[in-house]
Structures are given as C-alpha cells and as structure tokens.
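Under our numbering, think of the first position of the sequence shown as 4, with each following residue one higher.
Everything below concerns the one structure shown next.
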Amino acid sequence: MNPRDPYRESSGVLRNRLGITDPDHLAEFERDLAFFRVVELELSPLGGRFDFDHLRAIHRYILQDIFDWAGELRSVDTHALGIPHARPQFLTDELDRVFCQIATRPPSTTDPHAATDTIASHWSELTLVHPFRDGNSRTQRVFFDQMFRHAGWAVDWAGIDASAAHAARHMSVYGRPDYLADQLRHAVRPAAELADGRLATTLGNRSLLLASEHFRAMREHLKAGSTTPYGRPAQTRGRSIT
C-alpha cells in the first residue's frame, strides 16, 4: 500500500461512503452496487460527446453509491499487469491526446470490423492513461459500449472473455491494439439485432491471475511474430472484480 495514497483508509481499503474496512466486504458491495448502476446505464445511457466529461459522468454515476471521490482524476501512481499507467502529473495532457483522437477518428457506421478496430485503438490508449483511482475498466466498458451503439453496432458482452480482454487492452504498450480488437470482433453485431448486450454480466468475471497468464501468452505470441489471432492459454483459477 502507498502510505501517501489519499484514497485509502488507515485500514488499507479504499475510502468509501459505506464505512467498510474489510477489503472483501468492500469488493462485494462495490460489485453489487455498480452492477445495478451499469444496468441503469445500459437502459438509459448518459448523454455526452464521447469526451472526458462524458467518461467522468459515467464514472461518477456507476460509483456514486460507494466513493465520494468518484469522477476525480487520481493523484497517485497505478499499474496493472506490471505496466505503469500515466503519471498523475501527465494525466491532463494524456487525456487531451486520447480524446482528440476519439473526436477525429469516430468508428465506422458501415463496417463492423473497421468500427471494432477504431474503438479497440481508442480503448487501448485510454487503458494506459487510467484516469481514475478505481473503476476504470467498468467505466470504459460502458463508455465504449455506448460508442459502439452510437455507431450502429452492439457487443454481446456475455461472449467476451473478460480476462483476455483485460490483458489485450494492455498490449497497446507494444503498439498493438489489434489484440483487443480480436477479443471483441466476434461479439459485435448490428445494434438492431442486440437490444440487450448484457453489459452488466461482465462485472466480476475477470480473474487477475488469468489476465496475467493471457498477457504473458500475448507477449510470446507477439514475439513469435504469429500472423494468426491470439488464442487462449489453459484456464487458471482465480476471480476478481473488474
């Protein structure tokens, strides 16, 4: 634990509205409360222009019941799968860069593969920025799900391997957002065919242990110069919220 982390209580858990000091209990309440907020957002998406204010509003909405700092830019270093995220002092510049790309490169409304490639590129870049202290993955999933639907497409999230997708998002550190596109592509449909994408089903379906295994395998896949999409390594036990 970072002793200077202003988001953590003395007990080591993230500062929360519920007064919970046990990390397992907090994880359970966070997962359950966020689940219902994500369901609400899938039924009634927040309006926005796919800019940072839009992303921030989604983060605040999902975590409003749990954290009083929801929507705030983080002020401490974070990392995932051994990959450091943007340092706090560079967050504003990095967010400007990523959202400038999003504004100038909207997803295709006629080609689902091209749309998936574009959104995977934006999502991979935003993953490495990681603007919030917690809840980035679920917030970005809602944000990019809405972007898919705005372009006329929808993702069947129940068909996505959450651990592999989490690993693939971090392959952008090697300049390879195509790993994420390959994880999403098979589940993208015309929006008219998928009224309910079951977005909330992704909560709690990611194993950090398995994501690490996927990430190692993806790096080996990249190193080997394979021309076929990345497959899946043997399953590993372990669960964590996303």
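We put the beta carbon where it would ideally sit given N, CA and C, even for glycine.
Keep in mind it's a predicted model, so treat the numbers as computed, not measured.
With the rule of 3 Cβ pairs closer than 8 angstroms, the region 68-76 counts as touching the region 21-39. From the listed residues P110, A89 and A198, the smallest Cα separation to D159 is found for A198. DSSP places A89 in no beta strand (DSSP E); its state is neither H nor E. Under the Cβ criterion (8 angstroms, minimum of three pairs), the region 201-212 does not count as touching the region 119-126. The beta carbon of S215 sits closer than 7 angstroms to the beta carbons of L84 from its chain, once the five residues preceding and following it are set aside; these are given in chain order. Measuring C-alpha to C-alpha distances from M174 to each of T142, D27, A194 and S124 identifies S124 as the nearest. Linking T230 to R100 through their CA atoms gives a straight-line distance of about 30 angstroms. Taking all protein chains in view, the Cβ of E223 is surrounded by fewer than 16 other Cβ atoms within 10 Å, so the residue is classified as exposed. In the three-state DSSP reduction, H125 falls in the helix class (H, G or I).
Contact annotation: the region 186-196 does not touch the region 35-45, with fewer than three C-beta pairs closer than 8 angstroms.
According to the DSSP assignment, P193 belongs to no alpha helix (DSSP H) but to the beta strand (DSSP E) extending over V191 to P193.
In the DSSP assignment, A157 is bridged to R192. Residue pairing from DSSP places R11 in a beta bridge opposite L17. Note: H82 is bridge-paired with P87 in the DSSP secondary-structure output. Taking a 10 Å sphere around the C-beta of R136, we find 16 or more other C-beta atoms and assign the residue as buried. Closest in alpha carbon position to Q104, among T81, R219, H88 and E128, is E128.
In the three-state reduction of the DSSP assignment, R222 falls in the helix class, which pools H, G and I.
Counting along the chain, Y182 sits inside the alpha helix (DSSP H) bounded by residues D181 to L187. Taking 7 angstroms as the cut-off, the beta carbon of G74 is found closer than this to the beta carbon of R63.
A check of alpha carbon separations from T130 across H116, F146 and P115 identifies F146 as the nearest. Apart from the 5 residues on each side of it in sequence, G162 sits with its Cβ closer than 8 angstroms to the Cβ of H189 and A190 in its chain, given in chain order.
Sequence-distant Cβ neighbours of Y177 in its own chain, meaning closer than 7 angstroms and more than five residues away, are L225.
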